[in-house]
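Residue numbers (UniProt numbering): 1 to 388.
The C-beta atom is built at its ideal place from N, Cα and C for all residues, glycine as well.
Okay, so here's the structure we're looking at.
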């Protein structure tokens, strides 16, 4: 039993079914991802076969109705999934999976009609269809109110024009949930509608694949929409109320990102503790040095605190409580936490921590975006401050 296993079993609010899912998922990821994903970083994508096999395991639709192949579970199943993909040491793999399961497809679950769900949900759950959410735009970032994409009604269709940026699963996705202004007179973030746009729709293209510092096996794209005709049946939820759909899922998204960040930090710390207990220097091993031990112990303490914060926010969310403040704390704290821990892990690996052949080097690059994506730390802290 590893250190993380013991901590999870003692403090994790998970029932027997979720622990069974965790163990099955852990075995799959260790054998099929951690041991094999290095070439994916060069290829810039996670193989579809891997995602389909995760669909076969039943982990891509745990939150969705059984009639679509799901399991009807709550947010704690997403926390389990996020923790286990976070342990893979490949942040790009984690991003590919979690954007599909917990950031994009929930828009269909939350706002889709029975007809829309019957049309798309079975393929989403099976991994045959991979989803993306396209809200972020050049020059707007976390500021949804700054959205410039426009959709206008034309007969029974809508015509969409605009550009989206930093879209995860943007290159190789199949179904995109796209936000656009449909009421140009509405102030701020109001007047936004979400549209379901399938790959291959005329006028919709990938402008370019984006080169990133980390998350290399996650495909990220600029998307371009030029007079894209979208049938009315592809409108997701109410016209002009898409902002509320986006905000609703932000809570789930930020819990998941916090869980992933804590798992990444714990995995990197475990690697580092093992390393410093073996690395000989100055007549002993690095673990003999009090400064090293105490700094790593401090990392462990902060990871444990972050994990409990995640579990607390997830519990509030599962119970239907108001948890915007707590979820914002999760995102701000855990995004900064994983960066701080990975800094120390690289430091105590010494020169090897700066070599591409070591997992902690890759993980340190992957971690940087955790304080940016899904809501920058500064934005999250403002959400906390509003509620103080």
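{"Item": "Could you give the C-beta distance for residue 131 and residue 104, rounded to a whole number, given that I count them as a contact under 8 Å?", "Value": "4 Å"}
{"Item": "Could you give the first and the last residue of the continuous beta strand (DSSP E) run that contains residue 176?", "Value": "175 to 181"}
{"Item": "Which whole-angstrom value describes the C-beta separation of residue 83 and residue 259, a residue pair presumed to lie in contact below a C-beta threshold of 8 Å?", "Value": "5 Å"}
{"Item": "Going by C-alpha distance, which of 384, 378 and 339 is nearest residue 91?", "Value": "339"}
{"Item": "Using DSSP bridges, identify the partner residues of residue 286.", "Value": "BP columns for residue 286 are empty, so no partner."}
{"Item": "Would the segment 237 to 254 count as touching the segment 197 to 215 if we require 3 or more Cβ pairs under 8 Å?", "Value": "no"}
{"Item": "Helix, strand or coil: how does DSSP classify residue 94 here?", "Value": "helix"}
{"Item": "What is the rounded straight-line gap between the Cα of residue 303 and the Cα of residue 342?", "Value": "12 Å"}
{"Item": "Would you mind reading off the limits of the alpha helix (DSSP H) that contains residue 252?", "Value": "242 to 276"}
{"Item": "Ordered along the chain, which non-local residues of its own chain (more than five positions away) have a Cβ less than 7 Å from that of residue 287?", "Value": "276, 277 and 293"}
{"Item": "Using DSSP with H/G/I as helix, E/B as strand and the rest coil, what is residue 120?", "Value": "helix"}
{"Item": "Looking at the structure shown, is residue 7 part of a helix, part of a strand, or coil, going by DSSP?", "Value": "Low per-residue confidence applies at residue 7: pLDDT is 45, beneath 50, and the placement is therefore not dependable enough to give any value."}
{"Item": "Nearest-angstrom Cα distance between residue 355 and residue 320?", "Value": "45 Å"}
{"Item": "Using a Cβ-Cβ cut-off of 8 Å (strictly less than) and excluding sequence neighbours within five positions of residue 377, which residues of its own chain qualify?", "Value": "331, 332, 335, 336 and 371"}
{"Item": "Please list the segments of the beta strand (DSSP E) lying wholly inside the UniProt domain \"Acyl-CoA oxidase/dehydrogenase middle\" (132 to 228), counting only runs of 3 or more residues, in order along the chain.", "Value": "150 to 154, 157 to 168, 175 to 181, 192 to 198 and 204 to 209"}
{"Item": "As a quick exercise: from 388, 98 and 177, pick the residue whose alpha carbon is nearest that of residue 237.", "Value": "177"}
{"Item": "Return the residue from the list 172, 169, 180 and 121 that minimises the CA-CA distance to residue 71.", "Value": "121"}
{"Item": "Looking at residue 175 and residue 198, is the spacing between their C-beta atoms short of 8 Å?", "Value": "yes"}
{"Item": "Give the secondary structure of residue 281 by DSSP, where H, G and I count as helix, E and B as strand, and everything else as coil.", "Value": "strand"}
{"Item": "Name the one or two DSSP bridge partners that residue 230 has.", "Value": "158"}
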